[in-house]
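Chains as they are written, first to last, in this note's numbering: chain A, 790 to 1104; chain B, 790 to 1104. We put the CB at the ideal spot given by N, CA and C, even for glycine.
The structure is reproduced here in structure tokens:
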């Protein structure tokens, strides 16, 4: 099994967190070196890392702060404050359930560093299992449409399918404005030797109508308790289109968040500059405004099958 | 009434056709000077001009060739050959009904130059009337979503609405990969003092769900006899989404083509390079392929109201 660098894009080495800079992909595979929590959180805010990278990073920040405060008598106030800071970085992503997990171990008196490292190990293995579960839904000859990027899980799905002697190919929406689809997913699929074709976000209905797609698989940034999910902007309309064309729509889910339904998930509105410019190139006339909701909610009733991340427990 | 340069982007001056280079907008308002039919047709192929610009250009090419061949005894073979060449430039656009019109006048022995100039004058006026008809469907407070660019008619619709004391605003999809929405429509609406917001093509369902859109108005490149239309890629899925959210979907139509239904309209597949690069900037990893159908067909049953171009006769 070949792993994409996106599958596990963050790591603590000594007193430095190495963060894969996803904004430079696919041209450069380069790691940001964060030496403190401030630098690390900036990488989240600026979307240098995203999806599972952010989850791993949250834990690495705790590990780093623990290391740096080894001699401190009472670490609790430091960690509680840190949790508060982390929780507010990006509204749609439920970092709180991650920080609550750490604080829970802290309160319970568990060995913190060991608990975190153990959790990360479980997360890694469960993500591989989740990709394998997804591959079981595929049939020989399938053409899978995906959107955005599921942090290295799509190449695993493709490789599991190959092991099962199923020949599958992939269509990827470019996923404006950040182009995770072309820059990340198409790249990691190609690097794994899988067949991938890029389309722009407005071609979904046409390729579905042409019979080029048999299934849709996307990831999710937030799973509410009623089965609604929040994922990268554009997911919702693909789900509506999949229903229109009677195509199954599968979601690789993160652990359930505290949100009861999708209505409880705040949608992050990002600066319109990120939509109106690309790598310094102006894409729109001066002075025109844009609107950039970074996520949308796909209701449970449009989802054919949730593929859960079976970490167990109430996280 | 203020006219966008896009409303009438092509003109014959002396022996030179001036063609607004839409690829340079909104940064530069610059005209290509075509001195023969070859240069003019290249502007169509490279999408330097599009939509109504191509229609006007076809007639201007005939005017230019007529001028240059004034001394020729039998102009017929030249014009028949020219018509053949023009007909094959872009598959989805029905240039044939334009060239047939000219050949029809020729065969009927009508004064060719006068007929063409007369037709262009009618076309100009009817397009203004069409925009006025569209404005009649709007209500005070409407927020109109549009896609791609309808060659200067959207600013007219906005101005007619303003005259009717209706306050309307606009949302424009950026329209990848050519960005006609941000570069052209947002620009001409802003220049006319109308309220416009850019979204990316994957935000349509979300802004509709948020209640930000009340109506959709798009143009069309081809109107089949059963009411199906072909328009810029992405139109079809917006029509499906409009139906999902119970929003009216209006189409400003060109004259009917020879296509019986949408199935008779060939969809132009353009080079994937245009999707994978933007102004020399690589948007995708080396070697990954793309798929770029430039148009799609929206079936009649998803269209709330066709707004016809009332040129009369069988064109």
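Beta strand (DSSP E) containing residue 1096 of chain B: first to last residue?
1094-1096
Under 8 Å between C-beta atoms, does residue 1077 of chain B make it to chain A?
yes
Supposed close pair residue 974 of chain A, residue 938 of chain A - CB separation, criterion 8 Å
5 Å
N- and C-terminal bounds of the beta strand (DSSP E) containing residue 809 of chain B:
805-809
C-beta atoms of residue 1040 of chain B and residue 1096 of chain B nearer than 8 Å
yes
Quick one, are the C-beta atoms of residue 848 of chain B and residue 905 of chain B less than 8 Å apart?
yes
Could you give the uninterrupted runs of the beta strand (DSSP E) lying entirely in the region 980-1035 of chain A, keeping only those of 3 residues or more?
985-988, 1004-1008, 1018-1021
Does any residue of chain B have a CB that is nearer than 8 Å to the CB of residue 1035 of chain A?
no
Pick from A/797, A/991, A/984, A/824: whose alpha carbon is nearest that of residue 854 of chain A?
A/824
Quick one: what's residue 864 of chain A bridged to in DSSP?
Residue 864 of chain A is not bridged to any residue.
Ordered list of beta strand (DSSP E) runs contained in the region 1036-1073 of chain A, each at least 3 residues
1038-1041
Straight-line CA distance for residue 791 of chain A to residue 883 of chain A?
29 Å
Report yes or no: do three or more beta-carbon pairs, one from the region 910-930 of chain B and one from the region 1080-1100 of chain A, lie closer than 8 Å?
no
On the DSSP letters alone, give me the boundaries of the alpha helix (DSSP H) that residue 888 of chain B sits inside.
885-897
Where DSSP assigns a beta bridge to residue 1085 of chain B, which residues make up the other side?
B/1020
Using beta carbons (cut-off 8 Å, strictly below), is residue 956 of chain B in contact with chain A?
no
Following the continuous beta strand (DSSP E) through residue 800 of chain B, name the residue where it begins and the one where it ends.
799-802
Are the Cβ atoms of residue 944 of chain A and residue 912 of chain A separated by less than 8 Å?
no
Assuming residue 846 of chain A and residue 806 of chain A are in contact, meaning their beta carbons sit under 8 Å apart, how far apart are those beta carbons, in whole angstroms?
7 Å
Bounding residues of the beta strand (DSSP E) (the contiguous stretch that carries residue 958 of chain B):
958-962
With a threshold of 16 other CB atoms inside 10 Å of the CB of residue 808 of chain B, please say whether the residue is buried or exposed.
buried
Find the residues of chain B that neighbour residue 971 of chain A, judging by a C-beta separation of less than 7 Å, and give them in chain order.
1072, 1073
Does the region 948-955 of chain A come close enough to the region 1049-1058 of chain A that 3 or more CB-CB pairs lie under 8 Å?
no
Listed by chain order, chain B residues near residue 965 of chain A by CB distance under 9 Å:
963, 965, 989, 990, 991, 992
Taking C-beta pairs closer than 7 Å, name the residues in chain B that residue 975 of chain A reaches, listed in chain order.
1073, 1074, 1077
Where the beta strand (DSSP E) through residue 933 of chain B begins and ends
932-935
Within the same chain, show all residues whose beta-carbon is closer than 8 Å to that of residue 1103 of chain B, passing over the 5 residues directly before and after it, in chain order.
For residue 1103 of chain B, the predicted structure reports a pLDDT of 40, less than 50, and the residue's modelled location is therefore unreliable. A value from the coordinates is still provided. Correct list: empty, nothing qualifies.
Limits of the unbroken beta strand (DSSP E) element including residue 1075 of chain B:
Segment: none, residue 1075 of chain B is in no beta strand (DSSP E) and carries neither H nor E.
With distances taken from CA atoms, which of A/1000, A/1068, A/1019 is nearest residue 931 of chain A?
A/1000
Under 7 Å from the C-beta of residue 809 of chain A: neighbouring residues of chain B
Within 7 Å Cβ-Cβ: nothing; residue 809 of chain A doesn't reach chain B, min ~15 Å.
For residue 1085 of chain A, go through chain B and note every residue whose CB falls closer than 9 Å to its CB, in chain order.
991, 992, 994, 995, 998
Counting only beta-carbon atoms, is residue 1018 of chain B nearer than 8 Å to chain A?
no
Given residue 1071 of chain B as reference, the closest of A/1045, A/835, A/803, A/813 once Cα atoms are compared:
A/813
Contact criterion: CB-CB distance below 8 Å. Does residue 1023 of chain B meet it with respect to chain A?
yes
Put residue 821 of chain A into one of helix, strand or coil per three-state DSSP.
strand
Do you know how far the Cα of residue 1061 of chain A is from the Cα of residue 852 of chain A?
34 Å
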